[in-house]
Amino acid sequence: MTSVSRWVLVFYCIYLLLPLYWLMTMALRTNSDITGKFEVIPSHPTLANFAEIVSNPVWYQAFGNSLSYVVLNTLISICVALPAAYVFSRYRFLGDRQLFFWLLTNRMAPPAVFLLPFFQLYSSIGLFDTPLAVALAHCLFTVPLSVWILEGFMSGVPSEVDEMAKIDGHSFAYFFFRIFIPINRGAIGVTLFFCFMFSWVELLLARTLTGSTTKPIVVVMTRTVSASGLDWGVLAAAGALTVVPGIIVVWFVRKHLVKGFALGRV
Amino acid sequence: MAINKPYNNRAWLGVLPVLLIVAFSAVIPLMTVVNYSVQDILDFNSRFYVGLDWYRETLQDPRFIEAFGRQVLFSLSVLAIEIPLGILVARGLPKSGAWTSVLLILLAVPLLIPWNVVGTIWQIYARSDIGLLGVGLNELGLAFNYTSNPTHAWLTLIAMDVWHWTSLVALLSFAGLTSVPPAYYQAAELDGASKWQVFRYVEMPRLGGVLVIAVLLRLMDSFMIYTEPFVLTGGGPGNATTFLSQYLATMAVGQFDLGPAAAFSVIYFLFILLFCWIFYNSVMTDETVEDAVENTANNNEARHHD
Chain A
4 MTSVSRWVLV
14 FYCIYLLLPL
24 YWLMTMALRT
34 NSDITGKFEV
44 IPSHPTLANF
54 AEIVSNPVWY
64 QAFGNSLSYV
74 VLNTLISICV
84 ALPAAYVFSR
94 YRFLGDRQLF
104 FWLLTNRMAP
114 PAVFLLPFFQ
124 LYSSIGLFDT
134 PLAVALAHCL
144 FTVPLSVWIL
154 EGFMSGVPSE
164 VDEMAKIDGH
174 SFAYFFFRIF
184 IPINRGAIGV
194 TLFFCFMFSW
204 VELLLARTLT
214 GSTTKPIVVV
224 MTRTVSASGL
234 DWGVLAAAGA
244 LTVVPGIIVV
254 WFVRKHLVKG
264 FALGRV
Chain B
34 MAINKPYNNR
44 AWLGVLPVLL
54 IVAFSAVIPL
64 MTVVNYSVQD
74 ILDFNSRFYV
84 GLDWYRETLQ
94 DPRFIEAFGR
104 QVLFSLSVLA
114 IEIPLGILVA
124 RGLPKSGAWT
134 SVLLILLAVP
144 LLIPWNVVGT
154 IWQIYARSDI
164 GLLGVGLNEL
174 GLAFNYTSNP
184 THAWLTLIAM
194 DVWHWTSLVA
204 LLSFAGLTSV
214 PPAYYQAAEL
224 DGASKWQVFR
234 YVEMPRLGGV
244 LVIAVLLRLM
254 DSFMIYTEPF
264 VLTGGGPGNA
274 TTFLSQYLAT
284 MAVGQFDLGP
294 AAAFSVIYFL
304 FILLFCWIFY
314 NSVMTDETVE
324 DAVENTANNN
334 EARHHD
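Sequence order for the protein chains is A and B.
Just so we're aligned, residue 4 is where the first sequence starts under the numbering used here, counting upward by one.
Just so we're aligned, residue 34 is where the second sequence starts under the numbering used here, counting upward by one.
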């Protein structure tokens with residue numbers, strides 16, 4: 004069965020790479036070239052699409068806007084999820100399982116109708132068109148996910164660690180911040196990747212809660228499409244560039260990505 | 034692992050920040066939608082209470098039932114492909130070394146592409162005149178055209194979802210597999226266990242926990258799929274690929290039928306909730322996982338005595 008798995012992996016990687024290759028060739032061709040003819044290897048590769056993105060403030064500001072709410076969201080998610088994951092991993096309490104399930108259910112709200120109340124809610128508290136609004140809205144699904152991942156890791160840390168710290172006369176705050184959090188560095192790295200990923204790719208909430216000053220990259224992509232009559236080349240170049248920040252995050256957490264989950268409830 | 038966790042209700046203090054931040058974004062919008070769903074909203078100043086009329090109407094609406102059927106078929110199809118495929122891919126990954134890092138990063142790439150771009154890539158990639166996949170299939174003698182043939186549109190959507198999300202299952206499964214102690218494999222080998230038995234009794238129990246989350250995430254997300262089919266097929270040809278979210282968006286945004294759309298959303302939400310609750314409760318009992326582990330251990334022990 005192992006050899007079967009190996010072949011599956013090889014074929015799956017090819018399956019994975021082909022559309023990515025196509026994205027890259029599109030990014031290197033002009034729009035008329037893409038729609039005009041079929042070619043497997045671009046005959047006139049050009050960097051014009053990338054040049055358009057780095058020189059046009061609408062594009063690079065949008066990158067900045069996206070990064071600002073994604074980073075904010077990741078920070079908030081990890082800060083609130085750390086204590087929650089700790090108590091889930093160490094104690095049983097009234098309604099703990101129900102609470103865990105309720106947290107998961109927040110991923111399930113179908114977006115189309117929920118967008119309007121979201122818009123009303125964030126407008127009424129004056130957060131509309133700020134990165135904080137999108138960051139808070141994205142907490143709806145990044146916080147539960149963070150709690151789950153961190154809880155998995157923390158359950159793998161023996162509770163003797165807690166007791167030893169107490170015996171050594173350390174306060175709870177000292178234990179939590181100086182001993183427990185450093186032990187779970189890997190867990191925090193993995194959580195960071197998942198928060199980053201889900202917040203970065205989300206489109207509907209980000210579009211609803213941002214106005215002209217905080218337009219994120221995903222929204223600029225859809226709007227450019229409708230305005231200039233589908234410039235596939237620039238869109239593909241932007242698409243290729245949106246993967247870059249994520250790759251950097253994965254690169255830093257790649258070792259923990261594997262080791263991390265393995266410690267926990269799995 | 035802490036199996037006998039102490040019971041302490043002060044633990045609620047630790048959960049409080051999470052509770053507040055999630056409730057802020059979850060409860061108020063949900064209540065607003067429930068409120069819409071019992072009213073007839075002509076504009077924001079004239080609205081009438083209509084009770085459960087919209088619910089009755091939605092449940093009898095043949096277009097809702099069709100879209101619901103398509104949705105269930107789609108979700109089950111992608112789950113049936115992505116879960117086994119993800120496990121196989123994870124098993125095929127080398128456990129350590131330079132290739133592991135490269136492959137993990139490659140697997141992560143589709144997850145990091147914004148959803149509308151995923152739709153755009155596949156829209157071009159599958160086109161029969163200028164896309165690699167479409168032209169390739171036609172070269173092979175298949176008259177492939179996803180814009181006019183409903184079956185082809187379906188297959189393209191499923192192929193796209195498999196491309197987009199199998200990585201998530203694979204990454205989670207891989208993490209589960211790395212937690213199997215090497216000694217288990219050695220024991221199984223000594224006992225002359227077949228490859229299938231190794232998978233079933235050594236690896237499967239360790240995969241249980243992560244697979245629950247993988248299935249739940251994929252179930253919820255595939256049930257709400259919107260952006261990708263919107264970009265790829267726009268629900269067509271005809272209504273062949275109009276899923277629940279798509280139909281809902283036409284109602285809420287296109288026609289501004291806020292009341293019926295809200296009733297629709299609530300029903301939709303309750304359905305996903307029901308599916309997930311059944312699944313969660315049937316699998317997520319701690320006993321199941323522990324029993325499985327214990328059984329494996331016992332089996333191994335029994336075989337050693339033989």
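C-beta atoms are modelled at their ideal positions from N, C-alpha and C, and glycine is treated no differently.
>> Looking at the strands, I want to know which residues DSSP matches up with Tyr-40 (chain B).
In response: A:Arg-95
> Starting from Arg-80 (chain B) and walking both ways along the beta strand (DSSP E), at which residues does that stretch end?
Replying inline: 80-82
> For the 8 Å Cβ check, are there 3 or more pairs between the region 113-132 of chain B and the region 197-207 of chain B?
Replying inline: yes
> Touching or not, the region 182-199 of chain B and the region 140-155 of chain B, by the rule of three or more beta carbon pairs under 8 Å?
Replying inline: yes
> What three-state label does DSSP hand Ser-229 (chain A) in the structure shown?
Replying inline: Annotation note: pLDDT 47 at Ser-229 (chain A) (below 50); position unreliable, no value reported.
> Are any of the Cβ atoms in chain B nearer than 8 Å to that of Ser-229 (chain A)?
Replying inline: Unreliable positioning characterises Ser-229 (chain A) in this predicted model, as indicated by a pLDDT of 47, which lies under 50. A coordinate reading is not provided.
>> I'd like to know whether the C-beta atoms of Leu-190 (chain B) and Thr-274 (chain B) end up nearer to each other than 8 Å.
In response: yes
>> Is there a C-beta anywhere in chain A that falls below 8 Å from the one on Pro-113 (chain B)?
In response: Correcting the residue type first, residue 113 (chain B) is Ala in the shown sequence and not Pro. Output row for Ala-113 (chain B): interface = no.
> For chain A, is any of its Cβ atoms less than 8 Å away from the one on Val-55 (chain B)?
Replying inline: yes
> Considering only the beta carbon of each residue, do Ile-152 (chain A) and Thr-194 (chain A) sit closer than 8 Å?
Replying inline: yes
> With 16 as the cutoff for other CB atoms within 10 Å, does Leu-53 (chain B) come out buried or exposed?
Replying inline: exposed
> So, helix, strand or coil for Lys-128 (chain A), using DSSP?
Replying inline: Note on identity: in this sequence residue 128 (chain A) is Ile, with Lys being the wrong assignment. Residue state, collapsed to three classes: coil.
> Of all Cβ atoms in chain A, is any one closer than 8 Å to the Cβ of Ala-247 (chain B)?
Replying inline: no
> Is there contact here, the region 133-141 of chain A with the region 63-78 of chain B, by at least three beta-carbon pairs under 8 Å?
Replying inline: no
> Applying a beta-carbon distance threshold of less than 8 Å, which residues of chain B neighbour Thr-38 (chain A)?
Replying inline: Under the 8 Å cutoff, chain B gives Ile-163.
> By Cβ distance below 6 Å, which residues in the same chain neighbour Gly-267 (chain A) in space, the five residues on each side in sequence not counted?
Replying inline: Note on Gly-267 (chain A): pLDDT 44, under 50, position unreliable in the model; no value is reported.
> Any beta-carbon of chain E closer than 8 Å to the one on Tyr-301 (chain B)?
Replying inline: As a matter of chain content, chain E is missing from the structure shown, whose protein chains are A and B.
>> Among B:Pro-147, B:Ser-110, B:Met-237 and B:Pro-215, whose alpha-carbon lies nearest the alpha-carbon of Leu-188 (chain B)?
In response: Answer by Cα proximity: B:Ser-110.
> With 16 as the cutoff for other CB atoms within 10 Å, does Ser-6 (chain A) come out buried or exposed?
Replying inline: exposed
> Which first and last residues belong to the alpha helix (DSSP H) in which Asp-254 (chain B) is found?
Replying inline: Segment 237-256, the alpha helix (DSSP H) holding Asp-254 (chain B).
>> Please report whether the beta-carbon of Phe-121 (chain A) lies at a distance below 8 Å from any beta-carbon of chain B.
In response: yes
> Which same chain residues, not among the five before or five after Ser-298 (chain B), have their C-beta less than 7 Å away from its C-beta?
Replying inline: For Ser-298 (chain B), where only same-chain residues beyond five positions count, the Cβ hits under 7 Å are Val-66 and Leu-281.
>> In this structure, how does DSSP classify Ile-74 (chain B) when only helix, strand and coil are distinguished?
In response: strand
> Alpha carbon to alpha carbon, what distance is there between Pro-50 (chain B) and Ala-30 (chain A)?
Replying inline: 44 Å
>> Nearest by alpha-carbon distance to Thr-180 (chain B): which of B:Gly-174, B:Leu-166, B:Arg-160 and B:Gln-104 is it?
In response: B:Arg-160
>> Looking at the secondary structure, which residues open and close the alpha helix (DSSP H) in which Thr-189 (chain B) lies?
In response: 183-210 is the extent of the alpha helix (DSSP H) around Thr-189 (chain B).
>> Less than 6 Å between C-beta atoms, sequence neighbours within five positions excluded: which residues of the same chain meet that for Arg-110 (chain A)?
In response: Phe-144
>> Can you determine whether any heavy atom of the ligand GDP sits closer than 7 Å to the C-beta of Phe-117 (chain A), and answer yes or no?
In response: Here there are no bound small molecules, and the ligand GDP is not part of this structure.
> Is the CB-CB distance between Leu-139 (chain B) and Leu-19 (chain A) below 8 Å?
Replying inline: yes
> Can you round the beta-carbon distance between Asn-41 (chain B) and Phe-96 (chain A) to whole angstroms, since I take them to be within the 8 Å contact cut?
Replying inline: Correct: roughly 6 Å between the Cβ atoms.
> Relative to the alpha-carbon of Ala-100 (chain B), which residue among B:Cys-309, B:Asp-290, B:Met-257 and B:Trp-310 has its alpha-carbon at the smallest distance?
Replying inline: B:Met-257
>> Is there a Cβ of chain A sitting closer than 8 Å to that of Thr-266 (chain B), yes or no?
In response: Closer than 8 Å to the CB of Thr-266 (chain B) there is not a single CB belonging to chain A.
>> Taking the alpha-carbon of Pro-113 (chain A) as reference, which of B:Thr-260, B:Ile-246, B:Arg-43 and B:Asn-149 has the nearest alpha-carbon?
In response: B:Thr-260
> Any idea if Asp-254 (chain B) is buried or exposed, counting beta-carbon neighbours within 10 angstroms, 16 or more meaning buried?
Replying inline: buried
>> Tell me the residue span of the alpha helix (DSSP H) that contains Asp-351 (chain B).
In response: For chain B, the structure presents residues 34 to 339; residue 351 (chain B) sits outside this window and is missing.
> Do you know offhand how far Met-237 (chain B)'s Cα is from Leu-137 (chain B)'s?
Replying inline: 21 Å
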